[in-house]
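Undergrad:
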Amino acid sequence: MEDGSTAARKVMVVADPTRESAGALQYALSHAIVENDILILFHVGNPNAWKINPFGALFRKPSNDGGGAASVHQPAVAEGGGYQVDFLDAMKKACVVGKPKLKVVVVKAEMGEEKDKASVILAKSAAYKIDLLIIGHKKCLSNSILGVTRGGSFRDMAEYLILNSKCTCVAVQKKGQKGGYLISSKKHKNFWLLA
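Numbered per this note's numbering, the sequence shown spans residues 4 to 198.
(1) Should His-191 go down as buried or exposed, given a rule of 16 or more other Cβ atoms within 10 Å for buried?
(2) Rank Lys-181, Leu-185, Ser-188 and Asp-134 by C-alpha distance to the C-alpha of Asp-40 and give the top, closest one.
(3) DSSP three-state call for Glu-38: helix, strand or coil?
(4) Which value, in whole angstroms, describes the spacing of the CA atoms of Lys-106 and Lys-178?
(5) Using 8 Å as the Cβ pair cut-off and three pairs as the minimum, do the segment 161–171 and the segment 31–50 touch?
(6) How far does the beta strand (DSSP E) with Gly-139 in it extend, from its first residue to its last?
(7) Which whole-angstrom value describes the C-beta separation of Ala-18 and Leu-91, a residue pair presumed to lie in contact below a C-beta threshold of 8 Å?
(8) Assuming Ala-161 and Ile-138 form a contact by the criterion Cβ under 8 Å, report the distance between their Cβ atoms to the nearest whole angstrom.
(9) Do Lys-96 and Val-109 come within 7 Å of each other at the CB atom, strictly closer than that value?
(10) When the Cα atoms are used, what is the spatial distance from Pro-103 to Tyr-184?
(11) Under a three-way DSSP split, which group does Thr-9 fall into?
(12) Kindly indicate the opening and closing residues of the alpha helix (DSSP H) around Ala-130.
(13) Use the C-beta contact count for Val-99: other C-beta atoms within 10 angstroms, 16 or more gives buried, fewer gives exposed.
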């Protein structure tokens with residue numbers, strides 16, 4: 004693999020401004036990606052997010068049009084200096100620092116009115132012919148107990164993606180700073196990987 008003779012894989016990490024997404028990216032960089040792979044940081048935006056979270060507009064990066072209006076497409080995270088930066092840019096910079104020769108592509112998509120986030124991720128992973136899909140996973144007690152609702156729909160997006168993805172899908176849950184990762188896939192459920 005060092006001589007570049009193997010074909011580049013396409014690895015997609017679902018990127019959100021969450022701790023789980025950062026853990027999935029850290030897992031991908033340290034355990035799943037080699038330098039000739041192509042990493043796609045994929046973010047699904049929700050144009051109706053203000054309806055779901057009325058405080059969401061407070062955490063948006065100001066647009067560059069000079070009008071001072073909040074940008075719907077660029078959620079931001081705070082950095083130490085007190086200014087706001089796009090979390091996708093921060094994730095891309097972390098990839099460049101960790102693996103300088105890695106090709107990193109940032110892709111953003113919007114959810115339609117009738118679609119949910121999981122179906123957008125599945126459609127784009129099929130369209131881009133992704134080889135490995137990595138998603139951050141937060142296991143909550145209600146999802147563990149209830150699992151599938153009566154109508155057959157899933158409460159946990161990660162499990163839905165694992166079961167319905169055409170490519171290999173891995174859900175990653177980081178366990179502390181030095182605790183390792185809890186990994187789930189079609190073949191392994193809650194596999195403990197020490198890092």
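From the three backbone atoms N, C-alpha and C, an ideal C-beta is built for every residue, glycine too.
Please read these numbers as outputs of a predicted model, since none were measured by experiment.
TA: Straight from the coordinates:
(1) The count along the sequence shown starts at 1 and reaches residue 191 at position 188. The residue is exposed, with fewer than 16 neighbouring Cβ atoms inside 10 Å.
(2) Working through the sequence shown from its first residue, we reach residue 40 at position 37. The residue with the shortest Cα to Cα distance from Asp-40 is Asp-134.
(3) Within the sequence shown, the letter at position 35 stands for residue 38. In this structure, Glu-38 counts as coil in the three-state DSSP scheme.
(4) As a working note, residue 106 is residue 103 in the sequence shown. As a working note, residue 178 is residue 175 in the sequence shown. Looking at the two C-alpha atoms, the distance is approximately 28 Å.
(5) No, they do not touch.
(6) Translated into the one-based positions of the sequence shown, residue 139 becomes position 136. Bounds of the beta strand (DSSP E) holding Gly-139 are 135–139.
(7) Start at 1 with the first residue of the sequence shown, and residue 18 comes out as number 15. Start at 1 with the first residue of the sequence shown, and residue 91 comes out as number 88. Contact holds; Cβ gap of about 6 Å.
(8) Mapped onto the sequence shown, residue 161 falls at position 158. Mapped onto the sequence shown, residue 138 falls at position 135. Ala-161 to Ile-138, Cβ: 5 Å. Contact.
(9) Within the sequence shown, the letter at position 106 stands for residue 109. Within the sequence shown, the letter at position 93 stands for residue 96. Contact flag unset, no.
(10) Taking the sequence shown and counting its residues from 1, the one referred to as residue 103 is at position 100. Taking the sequence shown and counting its residues from 1, the one referred to as residue 184 is at position 181. Rounded to whole angstroms, the gap between the alpha carbons of Pro-103 and Tyr-184 is 24 Å.
(11) Translated into the one-based positions of the sequence shown, residue 9 becomes position 6. Look at Thr-9 here: in three-state DSSP terms it is coil, with no helix or strand label.
(12) Here residue 130 is taken as the residue at index 127 of the sequence shown, counted from 1. Segment 120–130, the alpha helix (DSSP H) holding Ala-130.
(13) On the sequence shown, residue 99 is found 96 positions in, with the first residue counted as 1. Val-99 is exposed by the Cβ-count criterion.
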